[in-house]
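Worksheet for the structure shown next.
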Amino acid sequence: MVTLFVNVCVREESRTLGLAKALLERLPGEVIELKLEEENLLPLNGERLARRDSLLAARQFGHGMFRYARQFAAADTVVVAAPYWDLSFPALLKTYMENVSVVGVSFDYSPEGIPFGLCRARHLYYVTTAGGPFQPDFGFRYLEALCRQYYGIPNCHLIAAEGLDILGNDPAAILEKARKALPGEEKSGQ
Ligand SMILES: Cc1cc2nc3c(=O)[nH]c(=O)nc-3n(C[C@H](O)[C@H](O)[C@H](O)COP(=O)(O)O)c2cc1C
907 MVTLFVNVCV REESRTLGLA KALLERLPGE VIELKLEEEN LLPLNGERLA
957 RRDSLLAARQ FGHGMFRYAR QFAAADTVVV AAPYWDLSFP ALLKTYMENV
1007 SVVGVSFDYS PEGIPFGLCR ARHLYYVTTA GGPFQPDFGF RYLEALCRQY
1057 YGIPNCHLIA AEGLDILGND PAAILEKARK ALPGEEKSGQ
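Here it is in C-alpha cells:
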C-alpha cells in the first residue's frame, strides 16, 4: 500500500500540515511525500504544450514530463494537504493537477468521447485549514470533480478545520476537534 502525500503547505508552522500528518499516521502502509514547493513545477505554456502534444502523439508515456501523472496514477491512496487560499487552494496545486491530467496516463477517452479514469486509488483525502469560514466550492469540489469524472477515484474525503484566524476563536481547540474526527485507526504505540 502506497499513499502519495501531495504537500502543498508552505508555512513553517503550517496547521494544514499538522492535521495531514495526523491523518497519515492513521493510514496503513508506506507514505511517499511530494512537497510541491520543492518541485520545479511549471504551468503549460505554448512551447510546453506543443512538446507535450508531440510526446503524447508518439505515445511516449515514459517521458519525464509525465512523471507526476504516472506517480499519481500508481498510488493506492492520495492525501492532499492544501491551505485555504483566496477561496480556493494555492496555485501550486493547480499547476500540479495540470501536470497530472495526462490523457493515456491518468485518464483516457472512450470512442464516444467520455473520459474514464486510469488511476489506481479508490480514496483521496483533501486536508485543509481556513482562517475564516471554509467554502468547498472552488477548491475541494473542483478536485473532487476531476477525481470522479476524469481520474476514476470515486471517494473524495474532505477534512477541514475552519475559523482559525477569527478573533476570539481557539485555534488549538478547533484543530484538536478536527484531529479527533479523523478517519482510520490510530497506529498502536502512537
Ligand atoms: C495567501 C493567503 C490567502 C488566504 N485566503 C484566505 C481566504 O480566502 N479565506 C480564509 O478564510 N482564509 C484565508 N487565508 C488564511 C488561511 O486559510 C489560514 O491561515 C490557514 O490556516 C493557513 O494554513 P497553514 O497554517 O497550513 O498555512 C489565507 C492565507 C493566505 C496566506
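Remember, this note's numbering sits 906 above the position in the sequence shown when you count from 1. The beta carbon of each residue, even a glycine, is placed where N, CA and C say it ideally should be.
C-beta atoms of residue i and residue j nearer than 7 Å
i       : j       : result
Glu939  : Phe911  : yes
Tyr1057 : Phe1013 : yes
Leu925  : Thr909  : no
Ser851  : Phe1044 : Because the chain in this structure spans residues 907 to 1096, residue 851 falls outside the shown range and cannot be described.
Glu1068 : Ala1036 : yes
Val879  : Ala988  : Outside the shown range of the chain (907 to 1096) lies residue 879, about which nothing can therefore be said.
Ile1080 : Cys1025 : no
Leu961  : His969  : yes
For residue j and residue i, the rounded distance between their alpha carbons
i       : j       : result
Leu999  : Ala1078 : 26 Å
Tyr1032 : Phe972  : 23 Å
Leu1073 : Leu950  : 40 Å
Asp992  : Tyr1048 : 14 Å
His1063 : Pro996  : 19 Å
Asn946  : Ser920  : 21 Å
Glu918  : Ile1020 : 42 Å
Leu1088 : Arg957  : 42 Å
Asn1061 : Phe1046 : 12 Å
Phe967  : Glu1082 : 43 Å
Gln1055 : Phe1022 : 7 Å
Glu943  : Asn1005 : 14 Å
Leu948  : Thr1001 : 7 Å
Arg954  : Asn1075 : 46 Å
Gly1095 : Glu931  : With a pLDDT of 47 at Gly1095, under the threshold of 50, the predicted position of this residue should be treated as unreliable, and no value is reported.
Cβ distance (whole Å) where residue i is taken to contact residue j below 8 Å
i      : j      : result
Leu929 : Val985 : 6 Å
Val937 : Arg976 : Contact flag wrong, Cβ pair sits at about 18 Å.
Exercise for the section: Run through the stretch 1023-1077 for me and flag every whole alpha helix (DSSP H) of 4 or more residues, listed as ranges in chain order. Expected result: 1046-1052
Exercise for the section: Only counting runs of 3 or more residues, tell me where the beta strand (DSSP E) segments fall wholly within the stretch 925-1004, in order along the chain. Expected result: 936-941, 983-987
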